[in-house]
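> I'd like to ask you about the structure that follows.
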Amino acid sequence: MPHRLGIDIGGTFTDATLIHEDTGEVRIAKVLTTPRDPSLGFLAATQRILREAEVAPGDLRYVVHATTVATNAIIEGTVAPTGFITTHGFRDMLEIQRQIRPSLYDLQFEKPRPLTPRYLCFGVPERLDARGNVLTALDEAATRRVAEALKTEGVEAVAVCLLHAYLNPAHERRVRAILAEVFPAAVVSISSDVAPEIREYYRASTTVINASIRPVVSRYLGNIENRLREAGVRAELLVMQSSGGVFTFDAARERPVFMVESGPAAGVVAATYLGQTLGFDNVLSFDMGGTTAKAGLTQGGTPRVTKDYEVGAAAQSGAGRGRGSGYPIRTPVIDLVEIGAGGGSMAWVDSGGGLRVGPRSAGADPGPACYGRGGQEPTVTDANLVLGRLNPDYFLGGELTLDVEAARRAIQDRVAGPLGMDVVAAAHGIVEIANAAMVSALRLVSVQRGYDPRDFVLMGFGGAGPAHTNRLQAEMEIPAALVPVSPGIFSALGLLVTDLKHDYSTTLLQRLDRLNPSAVEAVFLQMERLGRVALERESVAEADMAFVRQVDMRYVGQGFELTMPLPARRGELTADDITALNQQFDQAHARAYGYSAPGEPTEFVNLRLTALGKITKPRLREWGGSDSPLPPIPPLAGGERGVGEGPGVRSATRPVYFAEAGGFVDCAVLNRYRLPAGAVIPGPAVIEEFDSTTVVHPGYQAAVDKHGNLLITSRKA
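Residue numbers (this note's numbering): 6 to 722.
Pasting the structure below:
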């Protein structure tokens, strides 16, 4: 069974990638997402790609899935009815939340409504001190009364978060046992299993999210599993985690909070894999789909991971963005900035007469006006079509014909007319405003984190990404941009090049100048045992297991911490290790905050361990131009002439708008599948393929590498 299948369900399209493990042969498919039941689009994409590749369902070894079902349930408020049990006197924890706000002077700001309403929050008499010692024993009779009350209210799930349970989980486990006796139908999550770390509100929020989405995710994954089994698929079923690893459907049902950012994480993983393969360890990933655009950062071959993340309500995705506007989660998440600027993002005129783009999206139904499916609002896709950057006769490989006149009417009626502008000028304004928002996202994930974007390669993908990548590259002064093969399906590749992964953490407050190395080692060994059991359950061989240690550090007296790597070897930390760790922390602190305090005492806060089950990565296939295994592209309409270097390059021409060239220019339009390795295409040029379109601006050029990737650089460089 040498095939792996990755399915990525986005807001507009569902993408599928099929890889032959032995040969590296890749097949792709793209279908419209089915919002009312995403599993229908999942099955349609699976059946289509297997049929076109002539692969039997039984020949699949892995099926890996990225989904936004958990995020959507939180945002849309469709989570399961959930009860909350905490220490007596703290039932208002979810209401009080935190004393921060995303906008300091916004007097109209309201905290996000708790996922669990106050009448479903209960306190039980018990208390531990800050060292985990029992001050007040658990009142089991009161706990049984609470369990009966929750049963009467008809909740589906219960979250349990008792004070200091991260140090001593005995009371939480006993509460779970009582719930199992009194209310066996309830799905129970306890904080000492989900997020055993200090800061009770963060821990409670994470546990409530996990509990409230467990029934939703369980039903969703069960529906997909049943459909696949009925179709004859017997492969192992895996889900992408927010941290960039994968875990089994069963593990996802237990801890779905670890897959909240499943979909966006896959793109960063794919960018990291391709960057390392090509020798680029520093990569800025830019993923622009139909609904949103995502920016991520990989340094030294490792994606940046954060534990400071919010989701839902009015939260702006990304570490540290809009803090206080959403629900915090304390699980490892690939650090992403996500904005509402996708191909389907709608353009509109605000009450002050300003042109705006997003965050509302036309999605898959009805989609942009040019889709001809009833959409009336102008979108970024409509604007690119009016500017000549998209081929109306070759969208999704010709499966969808775009209506140029419908796009022009939508822009005229909703933007150009109200603003007294020309349609083309309005279309250019829409694209530039979307570009400005995406430049801001790239700056947030790089400059704001202390990184110079000029030290990175910009990798653009997603169905809409390559049409904007070169422009963003110019704005950010990035020397090189890279557009992978099949960029519209690229995120699905990330599902197939990552490892099984389980993350564990626990709080251990110790100053480094008074550190007890044996206590630290004992905690790591305990987490390693848990990780080993989880990997053995997934049939991972001992030789394929790896355990990565990290620690959250801070200067003594600080309120928050930075995550630092520890030596890869097992064994107690030495004096030299501690010295080196302090030096690395000073450097990381200076990069993150602009200053450091060498010599100040530091302390450990949380210990973290990642258990990896290594999966063999498929190799990249050499690019064969017209002999490529990717889907063939029919001859393009219009006059043909040779462009670039190398035989067999076929192209058409059409007028495309570039502001830097003064308007519309006669632009080469190339068939990407016919470009041989080594070809160099001077801009302005448009390079078309089944799932995306790459725009090369004047003054730039695109070179085809031996794997078929496009490397865009300035012609002056």
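Ideal Cβ positions, reconstructed from N, Cα and C, are used throughout, including at glycine.
Just so we're clear, the structure is a prediction, and the values are computed from it rather than from any experiment.
Going along the chain, which residues of its own chain have a beta-carbon closer than 7 angstroms to the beta-carbon of H433, five neighbours each way excluded?
The sequence position of residue 433 within the sequence shown is 428, counting from 1. L392, Y662 and A664.
> Consider the C-beta atom of G15 and the heavy atoms of the ligand FAD; say whether any pair is separated by less than 7 angstroms.
This structure does not include the ligand FAD; it has no bound ligands of any sort.
> Suppose you measure from the CA of A146 to the CA of G63; what does that come to, to the nearest Å?
Walking along the sequence shown from the start, residue 146 turns up at place 141. Walking along the sequence shown from the start, residue 63 turns up at place 58. Distance between the alpha carbons of A146 and G63: 53 angstroms.
> Helix, strand or coil for A573, going by three-state DSSP, please let me know.
The sequence position of residue 573 within the sequence shown is 568, counting from 1. Correct three-state label for A573: coil.
> Going by the CB atoms, is the gap between V556 and R613 shorter than 8 angstroms?
Residue numbering aside, residue 613 sits at position 608 when the sequence shown is read from its first letter. Residue numbering aside, residue 556 sits at position 551 when the sequence shown is read from its first letter. In this structure, V556 lies closer than 8 angstroms to R613 by Cβ.
> Under 7 angstroms Cβ to Cβ from S197, same chain only, skipping five residues before and after it: list those, please.
Translated into positions along the sequence shown, residue 197 becomes position 192. If you ignore the 5 residues before and after S197, its C-beta comes within less than 7 angstroms of the C-beta of A170, Y171, P174 and E177, all in its own chain and listed in chain order.
> Which same chain residues, not among the five before or five after P640, have their C-beta less than 6 angstroms away from its C-beta?
Within the sequence shown, residue 640 is the residue found at index 635, counting from 1. Any answer about P640 is weak, because its pLDDT of 38 lies below 50 and its placement is not dependable; what the coordinates show is given next. Cβ within range, chain order: n/a, list empty.
> By Cβ distance below 8 angstroms, which residues in the same chain neighbour S445 in space, the five residues on each side in sequence not counted?
Here residue 445 is taken as the residue at index 440 of the sequence shown, counted from 1. Hits under 8 angstroms: I344.
> Is it the case that the Cβ atoms of A472 and T718 are separated by a distance below 8 angstroms?
Position 467 of the sequence shown, counted from the start, is the residue given in the question as residue 472. Position 713 of the sequence shown, counted from the start, is the residue given in the question as residue 718. Not a contact, by the Cβ cut-off of 8 angstroms.
> Going by DSSP, name the residue or residues bridged to E241.
Position 236 of the sequence shown, counted from the start, is the residue given in the question as residue 241. Looking at the DSSP assignment, E241 forms a beta bridge with Y67.
> Between which two residues does the alpha helix (DSSP H) carrying F285 extend?
Working through the sequence shown from its first residue, we reach residue 285 at position 280. No alpha helix (DSSP H) contains F285, which DSSP labels as neither H nor E.
> From the DSSP output, which residues share a beta bridge with Y727?
The question about residue 727 has no answer, for the chain in this structure spans 6 to 722.
> Can the beta-carbon of I416 be found less than 8 angstroms from the beta-carbon of V362?
Position 411 of the sequence shown, counting from 1, holds the residue named residue 416. Position 357 of the sequence shown, counting from 1, holds the residue named residue 362. Contact: no.
> Does the Cβ-Cβ distance between F291 and G94 come in under 8 angstroms?
Position 286 of the sequence shown, counted from the start, is the residue given in the question as residue 291. Position 89 of the sequence shown, counted from the start, is the residue given in the question as residue 94. Contact flag unset, no.
> Kindly list the residues whose CB is nearer than 6 angstroms to the CB of V60, restricted to its own chain and excluding five residues on each side of it in sequence; keep chain order.
On the sequence shown, residue 60 is found 55 positions in, with the first residue counted as 1. If we look at V60 and ignore the five residues flanking it on each side, its Cβ neighbours are H8.
> Would D518 and P572 qualify as a contact pair, given that the criterion is a beta-carbon distance under 8 angstroms?
Residue mapping note: residue 518 aligns to position 513 of the sequence shown, counting from 1. Residue mapping note: residue 572 aligns to position 567 of the sequence shown, counting from 1. No.
> Drop a sphere of 10 angstroms on the beta-carbon of R136, count the other beta-carbons inside from all chains shown, and report buried for 16 or more, exposed for fewer.
As a first step, residue 136 is located in the sequence shown; it is residue number 131 there, counting from the start. Per the 10 Å Cβ criterion, exposed.
> Return the bridge partner residues of Y206 from the DSSP annotation.
As a first step, residue 206 must be located in the sequence shown, where it is residue number 201. According to DSSP, which records beta bridges pairwise, Y206 is partnered with nothing at all.
> So if DSSP puts P687 in a beta bridge, which residue, or which two residues, is it bridged to?
Taking the sequence shown and counting its residues from 1, one reaches residue 687 at position 682. Note: P687 sits in a beta bridge opposite Q706.
> Where does the unbroken alpha helix (DSSP H) through S496 begin, and where does it stop?
Position 491 of the sequence shown holds residue 496. F495 to G499 is the extent of the alpha helix (DSSP H) around S496.
> T87 lies in the beta strand (DSSP E); which residues open and close that run?
Your numbering for residue 87 matches position 82 in the sequence shown. Note, T87: beta strand (DSSP E), T87 to T92.
> Under 8 angstroms: do the stretch 406–420 and the stretch 332–346 share three or more Cβ pairs, one atom per stretch?
no
> Please name the residue in A539, L45 and L498 whose C-alpha comes closest to that of R624.
As a position in the sequence shown, residue 624 is number 619, starting the count at 1. Of the listed residues, the one whose Cα sits closest to R624 is L498.
> In terms of alpha-carbon separation, which member of A270, A546, F529 and R103 lies closest to R574?
Position 569 of the sequence shown holds residue 574. Ranking A270, A546, F529 and R103 by Cα distance to R574 puts F529 first.
> Nearest by alpha-carbon distance to Q246: which of Y600, S330, L513 and L505 is it?
Here residue 246 refers to the residue found at position 241 when the sequence shown is read from its first residue. It is L505.
> Can you tell me whether F263 is helix, strand or coil according to DSSP?
As a position in the sequence shown, residue 263 is number 258, starting the count at 1. Reduced to three states, the DSSP call for F263 is helix.
> Assess, as a yes-or-no matter, whether the stretch 64–82 is touched by the stretch 254–269 under the definition of 3 or more beta carbon pairs within less than 8 angstroms.
Yes: the two stretches touch, three or more of their Cβ pairs being nearer than 8 angstroms.
> Could you compute how far the alpha carbon of D340 sits from the alpha carbon of R309?
As a first step, residue 340 is located in the sequence shown; it is residue number 335 there, counting from the start. As a first step, residue 309 is located in the sequence shown; it is residue number 304 there, counting from the start. Straight-line measurement puts the Cα of R309 at about 6 angstroms from the Cα of D340.
> Just the C-alpha distance for G796 and G493, rounded to the nearest angstrom, thanks.
Any question about residue 796 goes unanswered here, given that the chain covers just 6 to 722.
> Report the three-state DSSP secondary structure of V31 (helix, strand or coil).
To locate residue 31, count along the sequence shown from 1; it is residue 26. Residue state, collapsed to three classes: strand.
> Under the rule that 16 or more other beta-carbon atoms within 10 Å means buried, what is G668, buried or exposed?
For the purposes of this step, residue 668 is identified with residue 663 of the sequence shown, where counting begins at 1. Looking at its Cβ environment, which holds fewer than 16 other Cβ atoms inside 10 Å, G668 is exposed.
> Residue range of the beta strand (DSSP E) that Q478 falls in?
Indexing the sequence shown from 1 puts residue 478 at position 473. From DSSP, Q478 is part of no beta strand (DSSP E) but of the alpha helix (DSSP H) over P471 to M481.
> Look up H25 in the DSSP assignment and give the residues it is bridged to.
Looking up residue 25 in the sequence shown gives position 20. H8, per the DSSP bridge assignment.
> Check F254 in the structure and name its three-state DSSP category.
Indexing the sequence shown from 1 puts residue 254 at position 249. F254: helix per DSSP, three-state reduction.
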